[in-house]
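Taking it in order: structure first as structure tokens, then the write-up.
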Amino acid sequence: MAGWALSPVEVEALRLSLWVSFWAVAGSLPIGVLVAWLLARLEFPGKSLLDGLIHLPLVLPPVVIGYLLLVGFGRRGVLGAWLHDLAGITLAFNWKGAAVAAAVMAFPLMVRAVRLSIEGVDRGVEAAARTLGAGPVRVFFTVTLPLVTPGILTGLILAFARSLGEFGATITFVSNIKGETQTLPLALYTLTQMPGGEVGAMRLCLISVVIAMAALVASEGLTRRFTAYISG
Amino acid sequence: MLDVNLIRQQGDFRLDVAFRSPDVGVTALFGRSGAGKTSVVNMVAGLVRPDRGHIVVNSRTLFDAAKGLHVPPEKRRVGYIFQDGRLFPHLSVKSNLTYGMHLTPLSERHVALNDVVDLLGIGHLLHRRPAKLSGGEKQRVAIGRALLMSPALLLMDEPLASLDRSRKAEVMPFLSRLCGELSTPILYVSHSLEEVLNLADTMVLLDEGRVAASGPIEDLMNRPDLQRLTGADDLGTVIATTVEAHEEGLTRLGFPGGMLRVPKVAVPVGNRLRVRIGARSVAIALQKPPGTSLQNIFPGKVTAITGGPGELLDVQMDIGCPLLARITARAIQALALMPGKPVCAMVKSVAVSRGHLNASLDLQIDA
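Here the protein sequences come in this chain order: C and E. Letter 16 of the first sequence, counting from 1, is numbered 16 in our numbering, and no numbers are missing. Letter 320 of the second sequence, counting from 1, is numbered 1320 in our numbering, and no numbers are missing.
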């Protein structure tokens, strides 16, 4: 049974992956909901440009995104230097950078799910809330947001799963540093490159499958509970 | 007082509507679908912004294009009951009811939750969610939700139109009571004559984005030139009466032409009751027939004869109030009817419309 025990490196990779994914999703959720709302409800100049930009990570090779992040947010990058001077935040070659890479890659999935859900909300119900005395912000938080809960859940799970699996952008932007940026897929890749790493690689592979399945089941269960709640 | 003057271009459709309605009571916005009724109430509610004009409710200006004033819907205190209910699916019935109430300043809340729950008979539904309600129950909750915000004006956009006949009969008594007891003015949108006669006092007749006529219901309903708009297939006369007495299964209704006898109506003596006499239910004789089963015979004279559909002509009479009869051209010739000629109008049946909780009943009173 010794083959099943995780080595410290693998435990560290798992912990780091969950941590990075958590922050990637938590950080992008508010922005994702806002952008989804903008795209679903408003007409503004440059809307298709914004839509396209958000979807780029879906169609570009992840390495390209990682490289763009490195150019932009690296220590010498324009935005990176600015962020460092202004807020003292450095993204290059640490877990925060890994979280940003994961968030950017997962963002389109989150926005798509939430946007679809917002487009499905009956605007007549929102209008009714307006006539009952609720301003636009209150309508958003008391009517729209509760009604798009399933979409947000789906978006969260998709984004979380995508973040856990992020490889190309992460390794390009923040490299493969044990304990700092070596997430589960990176550790798995490293193991496959090492003689005798097959067993470890298999363990990480199984963990990945288990986490992904658990996330999907949880999402399905929560959505079902929400539907049951709505239908009384 | 509701003072509305609206102009709005919506694609090819131009809405140009102006009317005033009294402080209390129900004003019906009546017209066919596409006449612009819903657009008007949406603008009064603030959900749609007119191009020009003004909206004043109880001397508070809600919209004035000249001054660039547009009060947002949440600040208008105008209750809106939608055709499709529009309850919040994620909230319980109770939370739906109190949604607007909690947003109303305490000093302006003059409607109590318990009163509304009792009035609408929805006490047993409070902990359910809208998905578990029938169509009629949903509409009752929607009515309660709008009432509980203590509105200065209540808009009802065809609140019964999405219900089937039996659901309609379920909600109608509540609406009827509400319209009778509430001091809040109501603007009631409908294309159903039955509903309007049941509930409203004043009528604004809309036709293709314009006001064709407005005024007391009796006046508008009895104008043959408006018949196309008020109810094409069924010409008739609407008469305001007062319940004078109940006797031996009959109710006596006083009106300017005398006394109508109808089968007993459960309305207390002294109350007003609106009745409608279909033009086809009125026969004409030159003298009062000696032996007849008809109870309602009124002397009067012909005032005009106008063309009806096909072989039929419409005879307008004055029996102390206007009365219309639709009879064949042959009969008119046989009786030599012409304006000024004295006649007897014999009423075969009367429909009672207002004040009766069970909607309108067609009361055959040949007996």
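C-beta atoms are modelled at their ideal positions from N, C-alpha and C, and glycine is treated no differently. Note that the structure is a prediction, hence the values are computed from the model and not measured.
I need the straight-line Cα distance from His55/C to Pro108/C, nearest angstrom please.
5 Å
Assign Ile89/C to one of two classes, buried (16 or more other C-beta atoms within 10 Å of its C-beta) or exposed (fewer than that).
exposed
So what does DSSP say about Ile1305/E, is it helix, strand or coil?
strand
Endpoints, the beta strand (DSSP E) within which Leu191/C is located
In the DSSP assignment, Leu191/C falls outside any beta strand (DSSP E) and lies within the alpha helix (DSSP H) extending over Leu184 to Thr192.
Just to confirm my understanding: we take Leu186/C, look at its own chain, exclude 5 residues before and 5 after, and list those with CB closer than 8 Å. What are they?
Ala13, Phe167, Thr170, Ile171 and Asn176
Following the continuous alpha helix (DSSP H) through Leu49/C, name the residue where it begins and the one where it ends.
Lys47 to Val59
Quick one: is Pro1072/E near chain C, going by C-beta distance under 9 Å?
It does; some Cβ of chain C falls within 9 Å.
Residues from the region 1078-1091 of chain E in contact with chain C, defined by Cβ distance under 9 Å:
Val1078, Gly1079, Tyr1080, Phe1082, Asp1084, Gly1085, Arg1086, Leu1087, Phe1088, Pro1089, His1090 and Leu1091
By Cβ distance below 6 Å, which residues in the same chain neighbour Val33/C in space, the five residues on each side in sequence not counted?
Val114
Do the region 1202-1209 of chain E and the region 1236-1244 of chain E make contact, defined as three or more Cβ pairs closer than 8 Å?
no
Taking Val1196/E as the reference, which of Gly1258/E, Met1156/E and Asp1064/E has the closest Cα?
If we check each option's Cα against that of Val1196/E, Met1156/E comes out closest.
Find the residues of chain E that neighbour Arg203/C, judging by a C-beta separation of less than 8 Å, and give them in chain order.
By Cβ distance, chain E contributes nothing, its closest Cβ being about 43 Å from Arg203/C, past 8 Å.
Can you tell me which of the three DSSP states His1191/E falls into?
coil
Quick one: what does DSSP say Glu1247/E is sitting in, helix, strand or coil?
strand
Could you name the residues of chain C that Tyr1188/E contacts, counting a contact when the two beta carbons are closer than 8 Å?
Under the 8 Å cutoff, chain C gives no residues; its nearest Cβ is about 16 Å from Tyr1188/E.
Members of the region 127-155 of chain C near chain E, C-beta cut-off 9 Å
Here the close residues are Ala127, Ala128, Ala129, Arg130, Thr131, Leu132, Gly133, Ala134, Gly135, Pro136, Arg138, Val139, Thr142, Val143, Pro146, Leu147 and Thr149.
Shorter than 9 Å from the beta carbon of Asp122/C to some beta carbon of chain E?
yes
Would you please verify whether the beta carbon of Ile207/C is less than 9 Å from any beta carbon of chain E?
no
Express the C-alpha separation of Leu53/C and Leu69/C in angstroms, rounding to a whole number.
14 Å
Which residues of the region 1266-1287 of chain E have a Cβ closer than 8 Å to any Cβ of chain B? Give them in chain order.
Absent from the structure: chain B. Protein chains present are C and E.
9 Å Cβ cutoff, Arg224/C in contact with chain E
no
Okay, do the region 73-80 of chain C and the region 131-140 of chain C touch, 3+ Cβ pairs below 8 Å being the bar?
no
Between the region 1026-1045 of chain E and the region 1075-1091 of chain E, do at least 3 Cβ pairs fall closer than 8 Å?
yes
Give me, in chain order, the residues of the same chain whose beta-carbon lies closer than 6 Å to that of Ala159/C; leave out the 5 immediate sequence neighbours on both sides.
Val25, Ala106, Leu109 and Met110
Leaving out five residues on either side along the sequence, give the residues of the same chain with a beta carbon under 8 Å from the beta carbon of Thr1098/E.
Leu1113 and Leu1148
I need the DSSP call for Val1350/E, collapsed to helix, strand or coil.
strand
With DSSP collapsed to three states, give me the class of Pro136/C.
helix
Listed in chain order, which residues of the region 1040-1074 of chain E have Cβ atoms closer than 8 Å to some Cβ of chain C?
Ala1045, Gly1046, Leu1047, Pro1072, Pro1073 and Glu1074
What separation, rounded to the nearest whole angstrom, lies between the Cα atoms of Val1350/E and Thr1184/E?
31 Å
Anything in the region 1103-1118 of chain E with a Cβ closer than 7 Å to a Cβ of chain C? List those residues in chain order, please.
Leu1103 and Thr1104
Under 8 Å Cβ-Cβ, which residues of chain E neighbour Ile230/C?
Within 8 Å of the CB of Ile230/C, the CB atoms of chain E belong to Pro1089, His1090, Arg1129 and Ala1131, in sequence order along the chain.
Grab the span of the beta strand (DSSP E) containing His1054/E for me, first residue to last.
Element bounds for His1054/E: Arg1052 to Val1057.
Taking the alpha carbon of Ala1329/E as the reference point, which residue from Glu1181/E, Leu1160/E and Glu1311/E has its own alpha carbon closest?
Glu1311/E
If you draw a straight line from the C-alpha of Asn1296/E to the C-alpha of Lys1341/E, how long is it?
20 Å
Determine the burial state of Gly1270/E: buried for a count of at least 16 other Cβ atoms within 10 Å of its Cβ, exposed for fewer.
Burial check for Gly1270/E: the Cβ neighbour count within 10 Å stays below 16, so the residue is exposed.
Residue environment, Ser1021/E, which counts as buried when at least 16 other CB atoms sit within 10 Å
buried
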